[in-house]
Amino acid sequence: MRHQILISLLLIYSITSIGQSRTDKLLENIFAAEKDSLFQLVIKHAEVYRFQIIYTQVNRDKNNVPSFTNYYYNYDSLRYFNPASTVKMPLAFLSLEKLNQLKEKGVNMFTTMQFDSGYSRQTVLHKDSTAENGLPSIAQFIRKAFLVSDNDAYNRMYEFVGQQTINRRMHEMGYPDFRITRRFMRMNADENRHTNPIRFIRSDGSLIYQQAMAFNKDSFDFNHINKMGKAYMNAQDSLIHEPIDFTTANNVTVYHLQQLLQSVLFPNSVAENRRFHLTREDQEFLYRYLSQYSSETDFPKYDTSLYYDSYVKFFFKNGSHDIPNYIRVFNKVGWAYGCLTDVSYVADFKNKVEFMLTATIYVNSDGVMNDNKYDYDNIGYPFLYRLGQCIYNYELKRNKKYKPDLSAFNMHYEKRKEDGRLAIKEIDN
């Protein structure tokens, strides 16, 4: 069956990458030793699965200061993949950074927010039933974005930071090809340029600070054409027999993702201009929810039979099996249009192992986009799991001059309390 899917993919594949891909010998050697047949099938057909991989070795000196070395496999910054929910990660970082700029106004990540509507298709949000106090806040949006990859949480952070600030700030930080143009809801380009008026309020409902509706006047560079697939379903559920055009869509490279995560987990390891302006409290909050499971979270209270521990940990997602309790994965994933992506930092506290791994793969055997018929379960997830285990097993055997002290990432997580509330079973992600 898997071989039939591959033949089908080869027959329909028509979009080729323009850039020059990079592959390092170390990863060639590591992957050649992997015995899994599906893994080898995918690795041998990079043009079909459009995968890109960055393995980041972390080595510590005698003072526990880390250094980072990236190894690439089939990496090409011009080969487009739909970043999907991975963009929620930089939006969370930017939201906390913007809040720090507003501290003098008397607001923080826990302050209640009210989203009003001031333009076409904008939606109101005054309540959040997933929060302990029933009210929206940046802290709750970040929890939901990382725990289960909630889409509305992304939309609200997008509206708070604003399209113009998002893109100007990321370009300022040295990511010229980074582009965020869309919410995760049906809006045209003009509607996405407009972001909601927002109010921060006290517990008694009185106003603390009001943010006016914003409009992005900046232009985007859409010179590089990004198309995928052979056909797609449009908004009217009609089949269009041509590749889907992602030229004006959100755009990020796997290298961007790796650097963004590294810059927050290890800010001193990147150039100063690539660091977000975050407090120690911000960093600790991000560490917690980049790595925490829904089974350890009371608000939101998700159904753990559906949103199990490895639900958004693709490199350790082997069915619904639990991740070993001595391992924590600090990461963000995304899935859409047949693209599966994960950017992770893995810490094994028992064996003193740490590494970063970032990868994306495209699994869409019929070539039709937006039909919700993708090969996630039979190719995508198994491949990313084998990739994660391949690198993890290599790291277990890799000799290091100095064992890492990982105590900064060894956090205390509480198990959920049973309080009789119904667990959330349906989310938009």
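In the working numbering, the protein residues as written are 1253 to 1681. We put the beta carbon where it would ideally sit given N, CA and C, even for glycine.
Other residues of its chain near residue i: CB distance less than 6 Å, five sequence neighbours each side excluded
i: N1322; result: I1306 and T1308
i: D1680; result: N1403
i: Q1416; result: N1468 and D1470
i: I1631; result: V1615
i: T1304; result: Here residue 1304 turns out to be Gln, not Thr, going by the sequence shown. Result list for Q1304: N1326, Y1327, V1506 and T1612, in chain order.
i: D1671; result: none
i: K1340; result: A1397 and Y1406
i: W1587; result: A1336
i: N1503; result: R1431
i: L1512; result: P1342
i: N1334; result: A1588, Y1589 and C1591
i: M1422; result: F1430
Residues that residue i bridges to, as DSSP identifies them
i: P1318; result: R1312
i: D1600; result: I1579 and V1605
i: N1622; result: In DSSP, N1622 forms no bridge with anything.
i: F1367; result: L1377 and I1450
i: T1275; result: Paired residue(s): none; T1275 is not in a bridge.
i: M1485; result: L1491
i: Q1304; result: T1612
i: I1432; result: Looking at the DSSP assignment, I1432 forms no beta bridge with any residue, so it has no partner.
i: G1426; result: None; G1426 has no bridge partner.
i: F1567; result: F1567 pairs with nothing; no bridge assigned.
i: N1585; result: A quick correction: the sequence has Val, not Asn, at residue 1585. Bridge partners of V1585: D1594.
i: F1472; result: Per DSSP, none; premise fails for F1472.
i: A1466; result: T1447
i: L1459; result: I1453
i: K1479; result: D1497
i: I1676; result: Y1554
Best match in the options for proximity to residue i [C-alpha to C-alpha]
i: Y1637; options: V1585, F1661 and L1387; result: V1585
i: F1537; options: I1394, A1487 and V1504; result: I1394
i: L1689; options: L1674, K1667, Y1633 and D1276; result: Only positions 1253 to 1681 of the chain appear in this structure, which leaves residue 1689 out of reach.
i: N1475; options: L1459, E1548, F1498 and A1483; result: F1498
i: Y1696; options: H1493, E1678 and T1593; result: The shown model of the chain, from 1253 to 1681, leaves out residue 1696, and the question about it has no answer.
i: Y1431; options: L1491, Y1332, Q1514 and F1518; result: The amino acid at residue 1431 is misidentified as Tyr; the sequence shows Arg. That would be Y1332, whose Cα lies nearest to the Cα of R1431.
i: N1603; options: F1320, Y1541 and Y1646; result: Y1646
i: I1282; options: L1674, Y1427 and Y1324; result: Y1324
i: C1642; options: R1274, Q1292, S1273 and T1364; result: Q1292
i: Y1626; options: N1577, R1434, V1605 and Y1301; result: Y1301
i: K1480; options: I1676, A1285, L1639 and M1621; result: Sequence check: residue 1480 is Met here, not Lys. Among I1676, A1285, L1639 and M1621, the Cα nearest to that of M1480 belongs to M1621.
i: D1594; options: F1635, F1567, R1580 and E1606; result: F1567
i: S1319; options: S1543, L1348 and P1656; result: P1656
i: R1526; options: L1542, R1540 and H1508; result: H1508
i: G1640; options: Y1539, D1629 and N1570; result: N1570
i: L1279; options: A1391, Q1544, V1598 and L1609; result: L1609
i: I1676; options: A1523, Y1427, E1524 and S1557; result: S1557
i: E1606; options: F1518, Y1628, Y1554 and L1348; result: F1518
i: Q1535; options: K1296, V1359, A1391 and V1598; result: A1391
i: A1523; options: T1382, Y1644, M1425 and N1352; result: M1425
i: M1596; options: L1377, V1294 and V1310; result: The sequence given here has Ser at residue 1596, not Met. Of the listed residues, the one whose Cα sits closest to S1596 is V1310.
Any C-beta of chain D under 9 Å from that of residue i
i: V1310; result: Absent from the structure is chain D; it holds one protein chain and no more.
Chain-order list of residues whose beta-carbon lies under 7 Å from that of residue i (same chain, five-residue window excluded)
i: Y1371; result: E1443, H1446 and M1465
i: Y1654; result: R1312, D1313 and K1314
i: T1375; result: S1369
i: L1354; result: Y1461
i: K1357; result: I1460 and Y1461
i: A1298; result: N1326
i: N1448; result: F1367, D1368, S1369, G1370, Q1374, E1411 and M1465
i: E1494; result: A1483
i: Y1578; result: D1600, F1601 and K1602
i: I1453; result: T1364, Q1366, L1459 and I1460
i: F1436; result: N1403, Y1406 and N1407
i: S1521; result: P1318, F1320 and Q1514
i: H1664; result: none
Cβ shell of residue i (< 8 Å), same chain only, five flanking positions each side left out
i: H1573; result: S1562
i: A1487; result: R1438
i: K1350; result: F1412, V1413 and T1417
i: K1667; result: S1547 and E1548
i: E1384; result: D1550 and F1551
i: F1472; result: N1419, R1431, T1433 and T1500
i: I1257; result: Caution applies to I1257, whose pLDDT of 49 falls short of 50 and renders its modelled position unreliable; the model cannot decide the point.
Residue i Cβ short of 8 Å to the ligand COA heavy atom set
i: N1311; result: Annotation note on the ligand COA: not contained in the displayed structure, which lists no ligands.
Scan the segment 1386–1420 and note each continuous beta strand (DSSP E) run of 3 residues or more that stays entirely inside, going in chain order.
none
Beta strand (DSSP E) segments (min. 3 residues) lying fully within the segment 1317–1348:
1318–1325
- prompt: So, do the segment 1615–1628 and the segment 1642–1662 have three or more beta carbon pairs nearer to each other than 8 Å?
  reply: no
*asked:* Taking 8 Å as the cut-off, does the segment 1640–1653 touch the segment 1525–1537 (at least 3 CB pairs, one atom from each stretch)?
replied: no
(request) Counting only runs of 4+ residues fully inside the segment 1495–1565, write out the alpha helix (DSSP H) ranges in chain order. (result) 1506–1517 and 1532–1543
Checklist line | 4 or more residues per run - each alpha helix (DSSP H) lying fully within the segment 1621–1664 | finding: 1633–1649
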